[in-house]
Amino acid sequence: MNALSFSLVMSGVLLNATAQLLLKAGTNAVGVFEFSAHNVMPIGWKIATQPYILSGIGCYVVSVVVWILALSRAEVSVAYPMLSIGYVVNALAAWYLFGEAVTATRLIGIGIIVLGVFIVARS
-1 MNALSFSLVM SGVLLNATAQ LLLKAGTNAV GVFEFSAHNV MPIGWKIATQ PYILSGIGCY
59 VVSVVVWILA LSRAEVSVAY PMLSIGYVVN ALAAWYLFGE AVTATRLIGI GIIVLGVFIV
119 ARS
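Just so you know, we're using this note's numbering here: the sequence shown kicks off at -1 and counts up by one.
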């Protein structure tokens, strides 16, 4: 994989991870909710107008365009496993931004993911 392909793949991964974090921030702002017949419109409107959620959806749209560019230059069997790096980014960012737990078991899992991505990228 050349530098441009790698850059596109990593940009897609980071945009996707950012989208997840923005969606989480948006749901934190909206709060816990349940859809039911009487609240589908108010909750739907609250979600549809939440800036973090809108930004997260925007990141997804851009990430799809970047991902298509990446796949036009890289083998899917190498590019797709790189999406797993998003798990690492999100686990660390969620710990930092939202105070989510990063337990020893999660760290071991993250290490296995990193090792797997490294092995696939070197193949």
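We put the beta carbon where it would ideally sit given N, CA and C, even for glycine. If you're wondering where the values come from, they're calculated on a predicted model, not measured in any experiment.
Practice task
Step through the CB atoms of chain C and report whether any lies within less than 7 Å of the CB of GLY97.
Solution key: No chain C is part of this structure, which consists of one protein chain only.
Handout entry: Beta-carbon contacts of GLN48 that lie in its chain and below 7 Å, excluding the five residues immediately before and after
Key = Excluding positions up to five away in sequence, the list reads GLY24, ALA27 and VAL28.
Practice task
Name the residue from VAL115, ASN37 and VAL7 whose alpha carbon lies nearest to the alpha carbon of VAL62.
Solution key: For VAL62, the nearest C-alpha among the options comes from VAL7.
Problem - Neighbourhood of ALA77 by C-beta distance below 7 Å, restricted to the same chain and skipping five residues each side - result: Same-chain partners within the cutoff: VAL7, ALA68 and LEU69.
Problem - Nonlocal neighbours in the same chain, by C-beta distance under 7 Å from PHE31, ignoring five residues either side - result: Cβ within range, chain order: ILE41.
Problem - Contact under 7 Å by Cβ, ALA15 with VAL59 - result: ALA15 is not a Cβ neighbour of VAL59, given a cutoff of 7 Å.
Practice task
Please look up how many angstroms separate the CB atoms of SER53 and LEU20, rounded, as I've assumed it's under 8 Å.
Solution key: Between LEU20 and SER53 the Cβ distance is about 5 Å, and since that is below 8 Å, they are a contact.
Problem - Unbroken alpha helix (DSSP H) run spanning GLY114, endpoints - result: Where GLY114 is concerned, the enclosing alpha helix (DSSP H) stretches over 102 to 120.
Problem - Span of the alpha helix (DSSP H), counted from its first residue to its last, around ARG67 - result: The question names Arg, but residue 67 in the sequence shown is Leu. Segment 49 to 69, the alpha helix (DSSP H) holding LEU67.
Exercise for the section: Look up VAL30 in the DSSP assignment and say whether it is helix, strand or coil. Expected result: Of the three classes helix, strand and coil, the one that applies to VAL30 here is coil, per DSSP.
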